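A.B. asks: Its first residue numbered 248, the sequence shown is counted upward by one per residue in my numbering. Ideal placement from N, C-alpha and C gives every residue a C-beta, glycine not left out. Note that the structure is a prediction, hence the values are computed from the model and not measured.
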Amino acid sequence: MQLNEDLMPEVCQHLLRDIEAYKDENARLLDQHIALEHQFNLLEQQVSEMEAETQYRFQTGDDDCVDIDKYEQLFFQAPMALILVNERGDIIEVNEIAVELLQKEVGQLKSINFRKLLVAQSSVNFLMALQKLNSSLQQKQLHQLVTLKDGSLVDAWFRMINPEITQNFSVMISLNLIDVQVPSPHSFRLFSVMFEQSREGVIITDTDGTIINVNHAFCEITGYAESEVLGKNPRLLHSGYHNEAFYKEMWQQLFHAGWWVGEVWNRRKNGETYPEWLTIYRVHDDQLAQSFYVANFSDLTERKQHQQQLDRLAFYDILTGLPNRSMLNNFIEEKLTSPKASEKIAVCFLDLDKFKDVNDNYGHPEGDRILREASQRILSRIREGDMACRVGGDEFVVVLTRIQVAEDAKVVAQDLLEVLSNPFKTKQAQHRLSVSIGISFSAEHGKTVSDLMRRADAAMYKAKNLGRNGFQVFESEDEQQLSEANTVLSHIWQAIDHPLQTIEMHYQPVYAREDTNIPRHFEALVRIQVDGEQLIYPGSFIELAEQQGLMDKLGMAIFESVCRDIVECLLPSDFRVAVNLSQQQFYNQRLLEQLELKAKEYGLSLSRFQFEVTETATMENLHLMGGG
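1. Which of helix, strand or coil does DSSP assign to residue 459?
2. Examine the Cβ distances between the region 703-713 and the region 566-584 and report whether three or more of them are shorter than 8 Å.
3. Thinking C-alpha only, which one of 407, 661, 820 is nearest residue 382?
4. For residue 798 versus residue 771, is the C-beta spacing smaller than 7 Å?
5. Is residue 327 helix, strand or coil by DSSP?
6. Quick check on residue 733: does DSSP put it in helix, strand or coil?
7. With a 10 Å radius around its C-beta and 16 neighbouring C-beta atoms as the bar for buried, classify residue 318 as buried or exposed.
8. Given a cut-off of 7 Å, decide if residue 710 and residue 686 are closer than it, judged by their beta-carbon atoms.
9. Does the distance from the CB of residue 836 to the CB of residue 802 come in under 7 Å?
10. Going by DSSP, name the residue or residues bridged to residue 636.
11. Would you report the Cα separation of residue 369 and residue 652, rounded to the nearest angstrom?
12. In whole angstroms, what is the alpha-carbon distance linking residue 357 and residue 395?
13. Among residues of its own chain, excluding the 5 on either side of residue 591, which ones have a beta-carbon nearer than 7 Å to its beta-carbon?
14. Throw me the rounded Cβ distance for the residue 330 and residue 341 pair, which I believe falls under 8 Å.
15. Per DSSP, what are the beta-bridge partners of residue 543 in this structure?
16. Going by other Cβ atoms of all chains shown within 10 Å of its Cβ, with 16 needed for buried, is residue 637 buried or exposed?
17. Nearest to residue 780 by CA position, among 808, 760, 748, is which residue?
18. Report yes if the CB atom of residue 575 is closer than 7 Å to the CB atom of residue 628, and no otherwise.
19. So, at 8 Å on beta carbons, what are the nonlocal neighbours of residue 845 in its own chain, with the 5 sequence-adjacent residues on each side left out?
20. With DSSP collapsed to three states, give me the class of residue 689.
21. Tell me the DSSP secondary structure of residue 778 in three-state form.
22. Tell me the DSSP secondary structure of residue 825 in three-state form.
23. What is the rounded straight-line gap between the Cα of residue 525 and the Cα of residue 659?
24. Hey, would you say residue 767 sits closer than 7 Å to residue 777, going by beta carbons?
25. Measure the beta-carbon distance from residue 759 to residue 750 and round it to whole angstroms, keeping in mind my assumption that it falls under 8 Å.
26. Name the one or two DSSP bridge partners that residue 598 has.
27. Under 7 Å between the Cβ atoms of residue 451 and residue 462?
28. Pull up the DSSP beta-bridge partners for residue 717, would you.
29. Pick helix, strand or coil for residue 200, following the three-state DSSP scheme.
30. Could you check what DSSP says for residue 708 in three-state terms: helix, strand or coil?
31. Nearest to residue 641 by alpha carbon, out of 667, 323, 630, 648?
32. Please confirm whether residue 783 and residue 789 have their CB atoms less than 7 Å apart.
33. Using a threshold of 7 Å, state whether the C-beta atoms of residue 827 and residue 859 are closer than that.
34. Should the region 515-524 be called in touch with the region 540-554, which here means at least 3 C-beta pairs below 8 Å?
35. Would you mind giving the Cβ-Cβ distance between residue 392 and residue 405, rounded to the nearest angstrom? I have them listed as a contact below 8 Å.
36. Let me know if residue 513 comes out buried or exposed under the rule of 16 or more other beta-carbons within 10 Å of its beta-carbon.
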């Protein structure tokens, strides 16, 4: 179509009156999208936290502790429409909000495939999303705009759920109906000055897609001058990010509904690609007997950068900048399932020996300096393609790829021992530390992330028990010991989660030498009950709980059991009970506060207790807690 320059002022005069309403509608839709994204991110955070706990418990062999009830509560009480589908798209479960949105009975929905609710192109896009989530280990969520068969446009977020929770591959879909309110022509109140001063870019094209006007914000965002785009097609902005099917669906929506809204990646004049939130309306002008397209868009670059920062927080350790446990799990999983899975990998679990002494004697800022320096030293000893991660306070994991023989990993382990044994020099002191390393191999020690991590972890503790400052490779004879440790660890978790059913306290009277008739106090002795019959004694679980960093939780569960027994047994107020505390519990700076709060819950004072440390140590604040 040849652009009629004489018609331009008249066209713009008729179209500029529409811009304010379209701008307001675009802003409303963007706010609606952001609100849904925020809700979905909160849900994503809760699911991720639950998955992280599930993954940890699977790694420690505690398979019975997956809290399905917590997941179901999250799903059914979420403030948004949620659907759970399997790898084919069959609907497994829906919550009440989804039933209301889709206007079908629960039984109807759970008997069909989600694709049956969508128009043809959205159905294809949905299937592609499932395939992408199923085949990618790095990407756990996707976003699409889908159109239901009744013509409704729906904002859909797809989130893959950890198979260890649902037992099979499944995807949770969050739905939000986009209520597009096409403004009345009588409400248009926009002058050309507002068109020019708008911070959002505006393009006006004829029915052939030829650009007939743009505003100043368009020029600022894209880098093109008005003279460079008039008479051109908006295709000059295409980034190549979207395929033909994407634009086909966009134009089908425009043709049938007269509008389209969504996120698009375009390209600036300087070649830089950027995301934008785009709304397009088809407008018919009766006076001119012509139709036009008005596109209104906002630059989402800053929002995307902010999201990338949030993603970095989710997958990287803030202190050291190294990948965290979530990224580590994805990396190992990818190596185990990739076409090159036949290539052996080694998982090296590192724990800095006596690192807690640095924190205790010099403070946590000093400890943080050591951890940052240790991270850099570890990175200096691995190759491109390998990965170093921080998975806990003073714990690191190194994944070595392209391992030909076991000796390759042993050489790296020896390098790590040497580089980490060199003094750490700071302004406060010169610290000499060592490291204990455990190694597992993908070919011999497991085919899953949890198998390799558990065996490397077990080998690391073996290295510690053999004197520290060394490395050990997991051996077949270690399997029985690991299995027994995992069983005990599972009982420890049961005691933490269900103390009433599993913690059994025994009270041994302690008499004064001068009077053996009346007990001076009672000593609380803990047992963990298994299956209502077997009892596990402290010698079998305290050290393991300390190794796994669980003594804070277990210790408070034991203390609460003692408080409950004192109240139920109506012991006289002058009877004191001696409670053993692990030395590890004293690293918790809030220990005294937590003990006081727990005692107050049962109407007790800490003066009723005598606290004793299970290991020889000098505890400066022991007397503050009633010990003596």
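C.D. replies: Taking the geometry as given:
1. The residue you call residue 459 lines up with position 212 of the sequence shown. Of the three classes helix, strand and coil, the one that applies to residue 459 here is strand, per DSSP.
2. no
3. Within the sequence shown, residue 382 is the residue found at index 135, counting from 1. It is 407 whose Cα lies nearest to the Cα of residue 382.
4. The residue given as residue 798 occupies position 551 in the sequence shown. The residue given as residue 771 occupies position 524 in the sequence shown. No, they are not a contact pair.
5. Here residue 327 corresponds to residue number 80 of the sequence shown, with the count starting at 1. Coil.
6. Working through the sequence shown from its first residue, we reach residue 733 at position 486. Helix at residue 733.
7. Residue numbering aside, residue 318 sits at position 71 when the sequence shown is read from its first letter. When all chains shown are included, residue 318 counts as buried.
8. The sequence position of residue 686 within the sequence shown is 439, counting from 1. The sequence position of residue 710 within the sequence shown is 463, counting from 1. It is not a contact, given that the beta carbons lie outside the stated cut-off.
9. For this step, residue 836 is matched to residue 589 along the sequence shown. For this step, residue 802 is matched to residue 555 along the sequence shown. Going by C-beta atoms, residue 836 is not nearer than 7 Å to residue 802.
10. What you label residue 636 is simply residue 389 of the sequence shown in a count that begins at 1. Answer by DSSP bridge pairing, in chain order: 644.
11. In the sequence shown, residue 369 corresponds to position 122, counting from 1. In the sequence shown, residue 652 corresponds to position 405, counting from 1. Their backbone Cα atoms lie some 49 Å apart in a straight line.
12. Reading the sequence shown from its first residue, position 110 is the one you call residue 357. Reading the sequence shown from its first residue, position 148 is the one you call residue 395. Each residue's alpha carbon lies about 17 Å from the other.
13. Numbered from its first residue, the sequence shown carries residue 591 at position 344. 650, 688, 689, 690, listed in sequence order.
14. In the sequence shown, counting from the first residue as 1, residue 330 sits at position 83. In the sequence shown, counting from the first residue as 1, residue 341 sits at position 94. Correct: roughly 5 Å between the Cβ atoms.
15. One-based indexing of the sequence shown puts residue 543 at position 296. According to DSSP, which records beta bridges pairwise, residue 543 is partnered with 449, 526.
16. As a first step, residue 637 is located in the sequence shown; it is residue number 390 there, counting from the start. Result: buried.
17. If you number the sequence shown from 1, residue 780 lands on position 533. Nearest option by C-alpha distance: 748.
18. Indexing the sequence shown from 1 puts residue 575 at position 328. Indexing the sequence shown from 1 puts residue 628 at position 381. In this structure, residue 628 does not lie closer than 7 Å to residue 575 by Cβ.
19. Your numbering for residue 845 matches position 598 in the sequence shown. 803, 806, 807, 810, listed in sequence order.
20. Along the sequence shown, read from residue 1 onward, the residue named residue 689 stands at position 442. Here residue 689 sits in helix by DSSP.
21. Here residue 778 is taken as the residue at index 531 of the sequence shown, counted from 1. In this structure, residue 778 counts as coil in the three-state DSSP scheme.
22. Taking the sequence shown and counting its residues from 1, one reaches residue 825 at position 578. Strand, per DSSP.
23. The residue given as residue 525 occupies position 278 in the sequence shown. The residue given as residue 659 occupies position 412 in the sequence shown. About 52 Å.
24. Reading the sequence shown from its first residue, position 520 is the one you call residue 767. Reading the sequence shown from its first residue, position 530 is the one you call residue 777. Cβ atoms of residue 767 and residue 777: not closer than 7 Å.
25. Residue numbering aside, residue 759 sits at position 512 when the sequence shown is read from its first letter. Residue numbering aside, residue 750 sits at position 503 when the sequence shown is read from its first letter. Wrong, their Cβ atoms sit about 29 Å apart, outside the cutoff.
26. Counting from 1 along the sequence shown, the entry for residue 598 is found at position 351. Answer by DSSP bridge pairing, in chain order: 642, 683.
27. Here residue 451 refers to the residue found at position 204 when the sequence shown is read from its first residue. Here residue 462 refers to the residue found at position 215 when the sequence shown is read from its first residue. No, Cβ-Cβ distance for residue 451 and residue 462 is not below 7 Å.
28. The sequence position of residue 717 within the sequence shown is 470, counting from 1. DSSP, once it has assigned bridges, lists 683 as partnering residue 717.
29. This structure cannot speak to residue 200, because the chain is shown only from 248 to 875.
30. Start at 1 with the first residue of the sequence shown, and residue 708 comes out as number 461. Note: residue 708 maps to helix in three-state DSSP.
31. Within the sequence shown, residue 641 is the residue found at index 394, counting from 1. With distances taken between Cα atoms, residue 641 lies closest to 667.
32. Start at 1 with the first residue of the sequence shown, and residue 783 comes out as number 536. Start at 1 with the first residue of the sequence shown, and residue 789 comes out as number 542. No, Cβ-Cβ distance for residue 783 and residue 789 is not below 7 Å.
33. Position 580 of the sequence shown holds residue 827. Position 612 of the sequence shown holds residue 859. Cβ distance < 7 Å, so residue 827 and residue 859 count as in contact.
34. yes
35. Here residue 392 refers to the residue found at position 145 of the sequence shown. Here residue 405 refers to the residue found at position 158 of the sequence shown. Rounded, the Cβ-Cβ distance is 12 Å, inconsistent with contact.
36. By 1-based counting over the sequence shown, the position of residue 513 is 266. Buried, since its Cβ has 16 or more Cβ neighbours within 10 Å.
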